Amino acid sequence: MKTYDTVILGAGPAGMSAAVYGTRYNLSMLVIGRDFGTITETDEISNYLGFPSASGTELAKKFTAHLKDLGGTVRYEEILDIKPDGGNFTVTTNRDKYTSRTVIYCLGGVKRKLGLPEEERFAGKGVSYCSTCDAAFFRNKTVAVAGGRNSAAMSALLLSRLAKKVYIIYRGDRLKAFPSSVRSVEKTGNITVILDSVIREIKGKDSVESLVLENLKTGERRDLRLDGIFVEFGHIPNSGLAKKAGAETLDDGRIITDSGMSTNIRGLFAAGDVTSGSNGFEQVITAASEGAIAAQSAYKIISGGG
Numbered sequence: 001m002k003t004y005d006t007v008i009l010g011a012g013p014a015g016m017s018a019a020v021y022g023t024r025y026n027l028s029m030l031v032i033g034r035d036f037g038t039i040t041e042t043d044e045i046s047n048y049l050g051f052p053s054a055s056g057t058e059l060a061k062k063f064t065a066h067l068k069d070l071g072g073t074v075r076y077e078e079i080l081d082i083k084p085d086g087g088n089f090t091v092t093t094n095r096d097k098y099t100s101r102t103v104i105y106c107l108g109g110v111k112r113k114l115g116l117p118e119e120e121r122f123a124g125k126g127v128s129y130c131s132t133c134d135a136a137f138f139r140n141k142t143v144a145v146a147g148g149r150n151s152a153a154m155s156a157l158l159l160s161r162l163a164k165k166v167y168i169i170y171r172g173d174r175l176k177a178f179p180s181s182v183r184s185v186e187k188t189g190n191i192t193v194i195l196d197s198v199i200r201e202i203k204g205k206d207s208v209e210s211l212v213l214e215n216l217k218t219g220e221r222r223d224l225r226l227d228g229i230f231v232e233f234g235h236i237p238n239s240g241l242a243k244k245a246g247a248e249t250l251d252d253g254r255i256i257t258d259s260g261m262s263t264n265i266r267g268l269f270a271a272g273d274v275t276s277g278s279n280g281f282e283q284v285i286t287a288a289s290e291g292a293i294a295a296q297s298a299y300k301i302i303s304g305g306g
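Take the sequence shown: its letter number 276 is residue 276 in the working numbering, and every next letter is one higher.
See below:
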């Protein structure tokens, strides 16, 4: 079995950046990912240097083309296990096993859910976790976005182009999105922001028909009639395989890394939204930066300098 210098897990911005830098360091490497990651859920990215406006899917395709130009490829497989093995690592997927001297773990996160008992029943029947994927199904309908950070604001702005009415429901007393996003929300006539409120129940027969909202200040409850709810509560770090391999994490599941993106296991690096780095600033540009640093650190080990 061939032993690679590094196996990169994840084909999002962190993983693809690590791969680009890995090719520049002439590392023998393999990129494994099930998809492009959560970047494809973003309809518009306007803060990635050199791209004043692009969709997440467009950026992902650019990253892939860049890697291909350098001779790299991605294997789209499901990663099942990572195991430290006598100074190397064994990575098991649904198709094969791979051996490498280092691993760069860039598996991002999975969407947080509302946590309501009826949520699963309405998944795909009015409950969605991706406005980019599902906005078109709600043309001329009334929808809500749960959440108050930038992803929620951007989701609402996308939906406002198609839906008749959009509500943003947030437990805080103000939106915590970027100021530019908040201004855009405030200027959009068919978006209404409902603050200090949480969703207590999803109601409907065959699909979502209404939400029960509770005002956290007054305790008052009311029904809000609508056709769909988009959940934008951020992500839970997808760190399970790294933890199983022995990597240390914070209480919230993010993998603890140093300034070189090293974990507590020699040769195992992590980058992107799954890490404790970049002050929790989950952006494409910080993920790409961490991926580049991780590749450099892997090179130092391979070349005997780390």
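A virtual CB, placed ideally from N, CA and C, is assigned to each residue, including glycine.
Keep in mind that this is a model prediction, so the values were computed, not measured.
Range of the contiguous beta strand (DSSP E) that encloses residue i
i, result
"residue 230", "228-231"
"residue 215", "210-215"
"residue 282", "First-last for residue 282: undefined, no H or E at that position."
"residue 88", "88-93"
"residue 101", "97-105"
"residue 236", "235-237"
"residue 206", "Per DSSP, residue 206 belongs to no beta strand (DSSP E) and is neither H nor E."
Buried versus exposed call for residue i [16 or more other C-beta atoms within 10 Å across all chains shown]
i, result
"residue 221", "exposed"
"residue 106", "buried"
"residue 264", "exposed"
"residue 257", "buried"
"residue 53", "exposed"
"residue 238", "buried"
"residue 49", "exposed"
Own chain, CB closer than 7 Å to residue i, minus 5 neighbours either side, in chain order
i, result
"residue 141", "163, 164, 227 and 228"
"residue 236", "109, 110, 112 and 253"
"residue 297", "260, 261, 262, 269 and 306"
"residue 276", "250, 254, 255, 256 and 257"
"residue 215", "196 and 197"
"residue 28", "4 and 5"
Backbone secondary structure at residue i - three-state DSSP
i, result
"residue 132", "helix"
"residue 290", "helix"
"residue 36", "coil"
"residue 122", "helix"
"residue 164", "coil"
"residue 222", "strand"
"residue 297", "helix"
"residue 245", "helix"
"residue 264", "coil"
"residue 30", "strand"
"residue 150", "helix"
"residue 271", "coil"
"residue 383", "Within the shown structure, residues of the chain are numbered from 1 to 306, placing residue 383 beyond reach of any answer."
Segment limits, alpha helix (DSSP H) that includes residue i
i, result
"residue 307", "Nothing can be reported for residue 307: it is not among the residues displayed for the chain, which extend from 1 to 306."
"residue 23", "13-24"
"residue 109", "Per DSSP, residue 109 belongs to no alpha helix (DSSP H); it is in the beta strand (DSSP E), 109-111."
"residue 179", "179-187"
Chain-order list of residues whose beta-carbon lies under 6 Å from that of residue i (same chain, five-residue window excluded)
i, result
"residue 42", "56"
"residue 139", "162"
"residue 294", "18, 104, 261, 269 and 271"
"residue 2", "none"
"residue 242", "105 and 255"
"residue 230", "128, 131, 145 and 155"
"residue 188", "160"
Own chain, CB closer than 8 Å to residue i, minus 5 neighbours either side, in chain order
i, result
"residue 185", "153, 156, 157, 168, 175, 177, 191 and 193"
"residue 87", "101 and 267"
Beta carbon proximity, residue i to chain D, threshold 9 Å
i, result
"residue 278", "The chain labelled as chain D is not found in the depicted structure, where only one protein chain is given."
For residue i, the residue or residues it bridges with in DSSP
i, result
"residue 139", "Paired residues: none, contrary to the question."
"residue 302", "DSSP output for residue 302 lists no bridge partner at all."
"residue 158", "The partner list for residue 158 (beta bridge, DSSP) is empty, contrary to what the question assumes."
"residue 9", "32 and 105"
"residue 169", "146 and 194"
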